[in-house]
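Asks: Encoded as structure tokens, here's the structure I'll be asking about.
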Amino acid sequence: MVTQINTRQVTFDENMIGTELGDWRRTTYSDQLDPSMDGKQVTVMGWISSVRDHGNLVFILLNDKQGQMQITAKAGVCPDDIKETLVKLKEQSTIAVKGTVKPSPKAPKGVEIAPTELRVFSQVEKIAPFTWQTKTVPNIDTRLELRAVDLRRNILQHVFKMRSLVLKSIRDYLYEKQFLEVNTPKMIATATEGGAALFPIFYYNKEAFLAQSPQLYKEQLTLSFEKVFEIAPIFRAEASRTNRHLSEAISIDLEEAFSDYNDIMGHIENIIKRSITTVKEYCEKTKSTDYKIPEIPDKIPQYTYTELVEKMQNAGAKTKWGDDLYPSQLKKINLTGFYFIKDWPLAPKPFYVKAKSDNDKTSESFDLMFGDLELSSGSTRIEKRNELEERMKNKGFKLDAFDYHLRVFDYGVPPHAGCGIGLERLMMALTGTENIRDATFYPRDVDRLTP
Ligand code: AMO
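Each residue of the sequence shown is one higher than the last, beginning at 1041 in my numbering.
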């Protein structure tokens, strides 16, 4: 039986050439091919990266998620229909080939595949504005408009593969330390943090919000599970256009009973060390040299807020005790790499943050920094209901709205501490990525709600 493909008027013999996946399944990824498979029949699938037509010989480079392989169609060996069809296919068309493996020293993996059957699933009509090899595209919006294709570029492929491995290494660490992975609601009735604005949503006939943090829920869960973590989106209506703020970011949140902020800084140190090892191993294995992997000393330096404010003032910054430490001011004292800023003023901190026992103007809190980029913040929390209520009243919160939270504190909330680590910012630090959008699959910011 013969089928007409209208756009190209190519005659397809369905025995050799088809357009549907049907019962075809891949037997082999590109990285599994090697010359010892000489004569073996394989089914490979992927995207055409290049077509070179030398008349009697047609070379196709085919990409799959593991790498690249070569299909060689030789006149007299390869059925004519297949050879003619392959020549006409444009880059990035999606195909499957059944064929025989042959050693070929010059081809990727030292082998080529001689096709005997072909499936053409989707023929590309447009030339994509970027290919696997494109390293930079001047306008990021051009890329984001066609994000799924952009994400195929090798430079981003590595970032997202490292992101996945880093997440796994963090999960492994937390499981080893006996944290329980949890999920908390993302549609909530009240703010938890103050500061960043919330996204309002319709919740049946009421106003609700997208959660800016799992803060109160993770604290509550220390009462039932002691050690919990969550890796999930946080939503922040950030009006600023910067290379480090998203409206929807992924936060790695930990909360641990019977511990304080020093214990949490210890966990963070271990997490960062593992993450760096993970990224290093990946780059070595894949011979990727495009990424700036940071070094980490055995102990991440810790500076108090007060100490840094003095340093900044000595360096000419206008920062006063009590102010936030803005990147532009922090730059003046040239701190590089990872470091903690601890013991922040209590007043601007959220209501759940505990005061230091020897100085109630400061708090048991910290930020993990990388240069002037904040990667994480955390603290020891208040576990006593009356103290919590006092702080909330001082900050002008209506206690009624938080009754669902406060009532838990009548039933033995343990001393506890925790932190939130921004995953995208962590990946920026680990890979030297300058724009947070390049550590995010589909970024959401003040100007972007699609794709
Ligand atoms: P905080 O508000 O400091 O703390 O957030 C924790 C970490 O989340 C990341 N982050 C963001 N990343 C990208 N875009 C944003 N708009 C954005 N906002 C925050 C940062 C930041 O350090 N509940 C506390 C955490 C805790 O104490 O457990 C909290 O949310 O890397």
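Built from N, CA and C at the ideal position, the CB exists for glycine as well.
Can you determine whether any heavy atom of the ligand AMO sits closer than 6 Å to the C-beta of E1278, and answer yes or no?
Replies: In the sequence shown, counting from the first residue as 1, residue 1278 sits at position 238. The answer is yes for E1278.
Asks: Between K1226 and L1250, what straight-line distance do the alpha-carbon atoms span, to the nearest angstrom?
Replies: Stepping through the sequence shown from its first residue, residue 1226 is reached at position 186. Stepping through the sequence shown from its first residue, residue 1250 is reached at position 210. Going by the C-alpha atoms only, they are around 6 Å apart.
Asks: Can you check whether the CB of P1337 is closer than 7 Å to the CB of Y1379?
Replies: Walking along the sequence shown from the start, residue 1379 turns up at place 339. Walking along the sequence shown from the start, residue 1337 turns up at place 297. Taking 7 Å as the Cβ cut-off, Y1379 and P1337 do not qualify as a contacting pair.
Asks: State the Cα-Cα distance for the pair Q1049 and K1128, rounded to the nearest angstrom.
Replies: Residue numbering aside, residue 1049 sits at position 9 when the sequence shown is read from its first letter. Residue numbering aside, residue 1128 sits at position 88 when the sequence shown is read from its first letter. A caution first: Q1049 carries a pLDDT of 42, below 50, which makes its placement in the model unreliable, though a value can still be read off. In a straight line, the C-alpha of Q1049 is about 11 Å away from that of K1128.
Asks: To the nearest angstrom, how far is it from the Cα of L1365 to the Cα of N1179?
Replies: Taking the sequence shown and counting its residues from 1, the one referred to as residue 1365 is at position 325. Taking the sequence shown and counting its residues from 1, the one referred to as residue 1179 is at position 139. Near 31 Å, if we compare the C-alpha coordinates of N1179 and L1365.
Asks: When DSSP labels each residue in this structure, what does I1210 get in the three-state scheme?
Replies: The count along the sequence shown starts at 1 and reaches residue 1210 at position 170. Here I1210 sits in helix by DSSP.
Asks: Quick check on Q1108: does DSSP put it in helix, strand or coil?
Replies: Looking up residue 1108 in the sequence shown gives position 68. Looking at Q1108 - three-state DSSP - the assignment turns out to be strand.
Asks: Using 8 Å as the Cβ pair cut-off and three pairs as the minimum, do the stretch 1474-1484 and the stretch 1271-1284 touch?
Replies: They touch, by the three-pair rule.
Asks: Can you grab the Cα-Cα spacing for the pair F1406 / G1462, in whole Å?
Replies: Position 366 of the sequence shown, counted from the first residue, corresponds to residue 1406. Position 422 of the sequence shown, counted from the first residue, corresponds to residue 1462. Using only the alpha carbons, I get a separation of about 14 Å.
Asks: Can you confirm whether the stretch 1432-1451 touches the stretch 1395-1415 when touching is taken to mean that 3 or more C-beta pairs between the two stretches lie within less than 8 Å?
Replies: No: the two stretches stay apart, fewer than three of their Cβ pairs being nearer than 8 Å.
Asks: Check whether the stretch 1139-1154 touches the stretch 1077-1095, taking contact to mean three or more Cβ pairs, one atom from each stretch, closer than 8 Å.
Replies: Verdict: yes, contact present.
Asks: Where does Q1132 fall in DSSP's three states?
Replies: By one-based count along the sequence shown, residue 1132 stands at place 92. Correct three-state label for Q1132: coil.
Asks: Using a 10 Å radius around the Cβ and a threshold of 16 neighbouring Cβ atoms, would you call Q1132 buried or exposed?
Replies: Against the sequence shown, residue 1132 aligns to sequence position 92. Buried, because 16 or more other Cβ atoms sit within 10 Å of the Cβ of Q1132.
Asks: Are there any heavy atoms of the ligand AMO lying less than 6 Å away from the beta-carbon of H1285, as far as the coordinates show?
Replies: Residue 1285 sits at position 245 when you count from the first residue of the sequence shown. Yes - the ligand AMO has a heavy atom lying nearer than 6 Å to the Cβ of H1285.
Asks: Is the beta carbon of I1333 sitting closer than 7 Å to the one on V1349?
Replies: Taking the first residue of the sequence shown as 1, we reach residue 1333 at position 293. Taking the first residue of the sequence shown as 1, we reach residue 1349 at position 309. No; because the gap between Cβ atoms is not below 7 Å, this pair is not in contact.
Asks: When DSSP labels each residue in this structure, what does M1041 get in the three-state scheme?
Replies: The residue labelled residue 1041 in the question sits at position 1 within the sequence shown. Bear in mind that the predicted position of M1041 carries a pLDDT of just 40, short of 50, making it unreliable; the figure below should be weighed with that in mind. Looking at M1041 - three-state DSSP - the assignment turns out to be coil, as it is neither helix nor strand.
Asks: Quick one: what's got a C-beta closer than 7 Å to Q1369's C-beta in the same chain, skipping five residues either side?
Replies: As a position in the sequence shown, residue 1369 is number 329, starting the count at 1. M1352, A1357 and T1359.
Asks: Starting from the Cα of I1088, find the closest Cα among L1061, F1161, R1281 and C1118 and give me that residue.
Replies: Here the question's residue 1088 lines up with position 48 in the sequence shown. For I1088, the nearest C-alpha among the options comes from F1161.
Asks: Taking the alpha carbon of K1433 as the point to measure from, which residue in E1474, F1391, L1466 and D1412 has its own alpha carbon closest?
Replies: For the purposes of this step, residue 1433 is taken as residue 393 along the sequence shown, with counting starting at 1. Nearest C-alpha to K1433: F1391.
Asks: Since I believe L1470 is in contact with S1315 (beta carbons under 8 Å), could you give me their beta-carbon distance rounded to a whole number of angstroms?
Replies: Within the sequence shown, the letter at position 275 stands for residue 1315. Within the sequence shown, the letter at position 430 stands for residue 1470. Right, the Cβ-Cβ distance comes to about 6 Å (below 8 Å), so this counts as a contact.
Asks: May I ask you to check if the CB of A1229 is nearer than 6 Å to at least one heavy atom of the ligand AMO?
Replies: Against the sequence shown, residue 1229 aligns to sequence position 189. No - the ligand AMO has no heavy atom lying nearer than 6 Å to the Cβ of A1229.
Asks: Who are the Cβ neighbours of M1085 in its own chain at under 6 Å, not counting the five residues just before and after it?
Replies: Here residue 1085 is taken as the residue at index 45 of the sequence shown, counted from 1. Only R1066 and A1136 meet the Cβ criterion.
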